[in-house]
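In this text, residue positions in the sequence shown follow full-length UniProt numbering: the first is 1, and each later residue adds one.
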Amino acid sequence: RESFSSKVGEKWEGEADEPLHVIVCSDDLEGFQEAIDITTDLIETVYEQYAEWLETGGEREDSGPRGDISCHVCKGDHFARDCPERGDKGKGKGKGKSKSKGKGKGKGRDDHDEPPAKRARK
């Protein structure tokens with residue numbers, strides 16, 4: 001049985017310091033060629049999108065200053081937690097911290113409170 005493999009990579013003319021390397025493996029020549037073609041197209045697409053991203057300073061052309069973020073309170077381009085229409089509602093301390101580690105073998109518990117799998121291991 002024959003096996004094919006290749007490293008697809010080249011030095012990019014943009015900002016990258018290192019070439020991009022991809023290892024492609026296949027058991028048949030036809031699948032190998034198809035994988036090489038798909039991988040090459042993917043690498044070219046990534047380089048093109050990266051170059052566009054560099055040109056736009058990280059902004060997408062179709063997005064506002066914060067991408068696809070939308071406030072569900074006023075539909076503005078910010079998170080609901082930052083919404084000026086919300087006031088101080090919802091700006092609590094967050095989830096409280098408990099010192100409890102869950103159900104322990106404390107008061108009122110015996111071996112029959114454990115799942116059958118744990119009882120069987122004893």
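C-beta: ideal position from N, C-alpha, C; glycine also. Here the structure is a predicted model, which is why all the values come from computation and not from measurement.
For this session: Put Ile43 into one of helix, strand or coil per three-state DSSP.
Result: On the sequence shown, residue 43 is found 43 positions in, with the first residue counted as 1. Correct three-state label for Ile43: helix.
Problem set entry | Boundaries of the beta strand (DSSP E) in which Val22 is found, first to last residue | Start at 1 with the first residue of the sequence shown, and residue 22 comes out as number 22. Annotation for Val22: the continuous beta strand (DSSP E) segment containing it runs Val22 to Ser26.
For this session: Check whether the Cβ atoms of Val22 and Ala35 lie closer than 7 Å to each other.
Result: Within the sequence shown, the letter at position 22 stands for residue 22. Within the sequence shown, the letter at position 35 stands for residue 35. Taking 7 Å as the cut-off, the beta carbon of Val22 is found no closer than this to the beta carbon of Ala35.
Exercise. Do you know offhand how far Gln49's Cα is from Cys74's?
Worked result: As a first step, residue 49 is located in the sequence shown; it is residue number 49 there, counting from the start. As a first step, residue 74 is located in the sequence shown; it is residue number 74 there, counting from the start. Their backbone Cα atoms lie some 32 Å apart in a straight line.
Exercise. Out of curiosity, what's the CA-to-CA distance linking Arg66 and Cys83?
Worked result: Counting from one through the sequence shown, the residue named residue 66 turns up at place 66. Counting from one through the sequence shown, the residue named residue 83 turns up at place 83. Note that Arg66 scores 48 on pLDDT, short of 50, meaning its location in the model is unreliable; the coordinates nonetheless yield the value given after this. About 14 Å.
Exercise. Looking at the structure shown, is Gly57 part of a helix, part of a strand, or coil, going by DSSP?
Worked result: Residue 57 sits at position 57 when you count from the first residue of the sequence shown. Coil, per DSSP.
Problem set entry | Sequence-distant residues of the same chain with beta carbon closer than 8 Å to Ile69, five excluded per side | Locating residue 69 in the sequence shown gives position 69, where the first residue counts as 1. Taken in chain order, the residues that qualify are Asp77, His78 and Phe79.
For this session: Can you give me the Cβ contacts of Glu55 inside the same chain, cut-off strictly under 8 Å, excluding the 5 residues immediately before and after it?
Result: In the sequence shown, counting from the first residue as 1, residue 55 sits at position 55. Closer than 8 Å at the Cβ level, and outside the excluded window around Glu55, lies no residue.
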